[in-house]
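Okay, structure first, notes after.
4 protein chains.
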Amino acid sequence: MISDIFSIAFKVRDYECDMQGIVNNTNFLHYLEHARHEYLKSVGLDFAELTKKGVFLVVRRTEIDYLLPLRSNDTFYVTCELFRISPLRFGFKQEIFRKVDDRKVASAHVFGTSINKDGKPFLAKEIDNLFAKE
Amino acid sequence: MISDIFSIAFKVRDYECDMQGIVNNTNFLHYLEHARHEYLKSVGLDFAELTKKGVFLVVRRTEIDYLLPLRSNDTFYVTCELFRISPLRFGFKQEIFRKVDDRKVASAHVFGTSINKDGKPFLAKEIDNLFAKE
Amino acid sequence: MISDIFSIAFKVRDYECDMQGIVNNTNFLHYLEHARHEYLKSVGLDFAELTKKGVFLVVRRTEIDYLLPLRSNDTFYVTCELFRISPLRFGFKQEIFRKVDDRKVASAHVFGTSINKDGKPFLAKEIDNLFAKE
Amino acid sequence: MISDIFSIAFKVRDYECDMQGIVNNTNFLHYLEHARHEYLKSVGLDFAELTKKGVFLVVRRTEIDYLLPLRSNDTFYVTCELFRISPLRFGFKQEIFRKVDDRKVASAHVFGTSINKDGKPFLAKEIDNLFAKE
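Residue numbers (numbering that gives the first Met the number 0), protein chains in the order written: chain A, 0 to 133; chain B, 0 to 133; chain C, 0 to 133; chain D, 0 to 133.
This is the structure:
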């Protein structure tokens, strides 16, 4: 794992596995979301705090390629890289790697934006600062 | 809703909503999966039976656009159309519509294939028949 | 099913099944919650509306006996009966029955209360009315 | 935390929080299950391996008291103590503690047994050994 890309480690929980004995593909989005929120915290942006203030970070599009299955006992890490598309639109490049052999398990692009409680586009200062920092 | 496209109705369950008060985007994949499996049953293909026989239908790629949120009390329907890409690769075009005003809530393409327990490509007769039927 | 007890029908969704090929026991709590919220709506109490107003209905204790498994394709219904324990504490007797043979799948008691955003006991008028109605 | 009781650490994932902004109570069962499976691994019993061999460890009853909410960012640990009730019935005492102040968040008893694929009671040697070890 390249050291300057944010990543966090997970371990498969058995309730995430379905009748095929592998992690159900919908759980990969859970992993990606948790990694994004942890990434955002690492750069000073707290999803829950923003939500309380009425700033909603929302996903507009997800593209994910499933390359390998995850199974009971597997540990893996999920990366997260942020890029800005426009003042109010941003994207995350995220990948999942199996720990045992560093093989890529999934590759995703997640596109999001920021809205207020009425669903209108809203650029929170905290988000703008985030990109300025980069 | 156009009558010759398969669709099933759902109602939001409150545990599917997150701290923003809307259905968490990961649950949309749950809805899509359930609609696909019900569609497959409607054309004679039982996901659980295939799994028991060692034929695994797996998702290789998902693309989903989130257009509108779903909230507590919302009822909605999910469509499912199947198309074949190659002997062993198939895709599903799926859309989610809010019942109250028929507005589109999400639009997705899900690409899948069929493998055996060892992860090798495997074309089950039942799947081949499915397309022959069309 | 005795007609004067509230119940709603469900169908197993395959993502709810785990590697044993049966519905993971944690999902039974999802079914119970959804049935409770639908029951509350049927008597004029909307969980999401209350939440928006800062009235939080919360579960304090759950007891559940798992009697039979649920599998892919199973349809089942979940009952809900409310009783009051004290001005601010109430309980739900809930049962799950398999549709095919009306056999009991699970039996539960769920105990709850009503608090405000600060976690303090709070008896909303709507909840008090609910019991007056009975 | 008393050092000779098994425990594992978790961090709240935001998708586990519901519209009240706290972890939905059903997720507590997920935490308990994962802690039990990790505990079992620590004493040589692999849930997934047993499942593959046709030995199903199943939950028969859960009792859980919810004492405090968990919120976004909270870290917590879940304990697990096993006791035998009869040759084929065993119980787990499990507690959840918030890391920040070591306050108890939930307290549970989970009762289980071991069956074969046909649902018949079945005492796997591995399970019997487990208690012999104690």
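Backbone N, C-alpha and C define an ideal beta-carbon position, used for all residues, glycine too.
### Task
With distances taken Cα to Cα, identify the nearest neighbour of residue 30 of chain D among D/53, D/46, D/79, D/128.
D/79
### Task
Taking C-beta pairs closer than 8 Å, name the residues in chain C that residue 12 of chain B reaches, listed in chain order.
29, 32, 33, 36
### Query
So with Cβ pairs under 7 Å, would you call residue 16 of chain D a contact of chain B?
Yes, contact with chain B.
### Message
Quick check on the DSSP output: the beta strand (DSSP E) that includes residue 122 of chain D runs from which residue to which?
### Response
Unbroken run through residue 122 of chain D: none, as it is neither H nor E.
### Query
Can you give the beta carbon distance from residue 128 of chain B to residue 54 of chain B, rounded, assuming they're within the 8 Å contact cut?
In fact, because the Cβ distance is near 13 Å, the residues do not count as touching under 8 Å.
### Query
Can you tell me the Cα-Cα spacing of residue 10 of chain B and residue 76 of chain C, whole angstroms?
Rounded to the nearest whole angstrom, the CA to CA distance from residue 10 of chain B to residue 76 of chain C is 15 Å.
### Message
Quick check on this structure: which residue in C/32, C/63, C/58, C/69 has the alpha carbon closest to the alpha carbon of residue 23 of chain C?
### Response
C/69
### Query
Just reading off the alpha helix (DSSP H) that residue 37 of chain B is part of, what are its end residues?
24 to 41
### Message
Please report the distance separating the alpha-carbon of residue 120 of chain A from that of residue 102 of chain B.
### Response
20 Å
### Outcome for residue 16 of chain D when other beta-carbon atoms lying within 10 angstroms are tallied against a minimum of 16
Here residue 16 of chain D is buried. Its C-beta has 16 or more other C-beta atoms within 10 Å.
#### Entry: residue 64 of chain C - DSSP class collapsed to helix/strand/coil
strand
#### Entry: Beta-carbon contacts of residue 38 of chain C that lie in its chain and below 6 Å, excluding the five residues immediately before and after
So the qualifying residues of the chain are 5, 79.
### Task
Note the first and the last residue of the continuous alpha helix (DSSP H) segment covering residue 51 of chain A.
46 to 51
### Query
In whole angstroms, what separates the C-alpha of residue 94 of chain D from that of residue 107 of chain D?
6 Å
### Task
Assuming residue 97 of chain A and residue 64 of chain A form a contact by the criterion Cβ under 8 Å, report the distance between their Cβ atoms to the nearest whole angstrom.
Their Cβ separation, rounded to whole angstroms, is 15 Å, which puts residue 97 of chain A and residue 64 of chain A out of contact at 8 Å.
### Query
Looking at the C-beta of residue 96 of chain A, does it have a partner C-beta in chain D at a distance below 7 Å?
Residue-level contact check: residue 96 of chain A does not touch chain D, since none of the beta carbons of chain D fall below 7 Å from its beta carbon.
### Query
By Cβ distance, which residues of its chain are closer than 7 Å to residue 123 of chain D, with the 5 residues on each side in sequence left out?
49, 54, 113
### Query
Among the residues of its own chain, which have a CB less than 6 Å from the CB of residue 126 of chain B, if the five just before and after it don't count?
113
### Task
Quick one: list the residues of chain C neighbouring residue 64 of chain D, beta-carbon separation under 8 Å, in chain order.
59, 60
### Task
Count the other CB atoms, across all protein chains shown, that sit within 10 Å of the CB of residue 71 of chain C; report buried if there are 16 or more and exposed otherwise.
buried
### Task
Check whether the Cβ of residue 50 of chain D lies closer than 7 Å to any Cβ atom in chain C.
Cβ-Cβ to chain C under 7 Å: yes for residue 50 of chain D.
### Query
In three-state DSSP terms, what is residue 87 of chain A?
Here residue 87 of chain A sits in coil by DSSP.
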